[in-house]
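In my numbering, the protein residues as written are 84 to 458.
Heads up, the beta-carbon is just placed ideally off N, CA and C, and yes, glycines get one too.
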C-alpha cells in the first residue's frame, strides 16, 4: 500500500474520489458536495486555519487503486484544554480492510505526535461540531445535511485500533403531523404570552444583530461544558455563508426577555434530499437542478442544528415556546413531514429532557472516539 499526502490538484481530486468508491453499492449514502469538503481545507473559506493546521492523505493498493483517505488537524484553541494535548482526525473512508484502516490511523497519529499532541479524537471535523462529527454506530438511515454517515464496519476499525468512546451524540426524531404533548403546548403558550417576552425569527437583513444575539446566548449557555471554547463573530459569519443557500428564515427563532436575548433554535431544511441527485457537483446544471427540486418541494424534512438558552433562563419553558413558534409556521404549510433533532450529547441531560418532553423518538447514535498515545 502507498499513502500520499494531498498537496496538488491530482491528489485533491483523488481525495474526493475515494468516497464514491466506498459507497458505490450503498443506496442510503448521500455524496457531499465537493466544494463543501474542499472548503474545509482551504484557509480562504475556513476560519479555523487561522488558529490551527490541517492536512490529509489518500491511500492506494499495490495496483494503484484508491482504497482510503483521512485527514488530521489541530485546533489550537481547543487542543490544550484537555488533560493531554489533543488533535483530531476525520473524513476517514476505507475499504473493509483493517490493515489499510490502521495505516491511515497511524499516519494521523504520527503527524499529530510530531506536533506535540498526546491524544487524537475522531472522526471529527476541522470546524464546528454541527457537521461531519462522530462515527455513526446506530441508525443507518438517510443522513441529513452535514450529518456523518459511514458503513457499520468502521466501528470495529476504531475499537480494534484502541479508540474508546469519549461521548455519544444522540439524534431524535419528531413527526410534524403529531401535535406537541398537551402539557408542552400549555406551557409554551403561557410563556409566549408572558409580559416582557418576545420572539423573532431570523431576518437576513438584520443578520449582524442576530449574530450578536446568538454569540451572547451561546457563550453563556455552553460555558460550563467541558473544554468549552467561545464562539466568535468570524465563525458565525462563516457558518452563515454556508447555510444561506438553503436557509429558511422562519425556521430560526430567538427569544427575548425585556429585550435581552435569552434563547434560540436554529433549524435548516434537509438539503441532502436534493444534494443526493447532484453527484457531489455544484456547477450550473446542478444549480438548476437544485432550484427545480426545491421548487418541487423535495426538502420536506427539517434538521434542528442547535438550541441554546442562557443559564439564568433555563427551565423557564423557553425551549417549548420556540418549538411552538416553529410549529405555528410549519404546520399550516402542510409541507414538512419530519424534524430531526441532531445532535445532543449524552452529557447534556437538560436537552435530553427537552427532547423527551416533546415526545421525540430515538433516531441515530454517533460516537466521538478518543485514543491517548502511549508514552
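Where residue 249 is concerned, the enclosing beta strand (DSSP E) starts and stops at 247 to 258. DSSP places residue 390 within a strand segment (E or B) once states are collapsed to three. Segment contact: the region 263 to 274 against the region 230 to 238, fewer than three CB-CB distances shorter than 8 Å; contact not assigned. Residue state for residue 152 is assigned as strand, using DSSP reduced to three classes. The alpha-carbon separation between residue 166 and residue 277 amounts to approximately 45 Å. If you look at residue 190, you'll find it in the alpha helix (DSSP H) that goes 181 to 197.
Contact check for residue 451 and residue 237: beta-carbon distance about 13 Å, past the 8 Å limit, so the pair fails to qualify.
In this structure residue 416 is exposed. Its beta-carbon is surrounded by fewer than 16 other beta-carbon atoms within 10 angstroms. Taking C-beta separations shorter than 8 Å and ignoring five residues to either side along the sequence, the partners of residue 169 in its chain run 161, 162, 200, 201, 202, 203, 204 and 453, following chain order.
Nearest neighbour of residue 180 by Cα position, chosen from 156, 239 and 438, turns out to be 239.
Going by C-alpha positions, residue 409 is about 6 Å away from residue 334. Going by beta carbons, residue 428 and residue 114 fall outside the 8 Å limit. Between the beta-carbon of residue 383 and that of residue 418 there is about 6 Å, and that keeps the pair under the 8 Å contact cut.
By the CB criterion at 8 Å, residue 387 and residue 348 fall inside the cutoff. Ranked by Cα distance from residue 112, the options 323, 274, 229 and 243 are led by 229. Residue burial annotation: residue 353 is buried, with at least 16 other C-beta atoms found within 10 angstroms of its C-beta. Burial is judged here by how many other beta carbons sit within 10 angstroms of a residue's own beta carbon; residue 194 has at least 16 and is buried. For the options 258, 443, 397 and 287, the alpha carbon positioned closest to that of residue 413 is the one of 258.
Under the three-state reduction of DSSP, residue 280 is assigned to strand. The residue among 210, 226 and 445 with its C-alpha nearest the C-alpha of residue 135 is 210. For residue 216, no alpha helix (DSSP H) encloses it, and the DSSP letter there is neither H nor E. A Cβ-Cβ separation of about 5 Å places residue 97 in contact with residue 141 under the 8 Å criterion. In the DSSP annotation of this structure, residue 378 is not part of any beta strand (DSSP E); the continuous alpha helix (DSSP H) holding it starts and ends at 367 to 378. A straight-line Cα-Cα distance of about 40 Å links residue 345 and residue 198. Counting only the Cα atoms, residue 128 lies some 10 Å from residue 118. Residue pairing by DSSP puts residue 347 in a beta bridge opposite 337 and 391.
The alpha carbon of residue 341 has as its nearest neighbour, out of 174, 402 and 282, the alpha carbon of 282.
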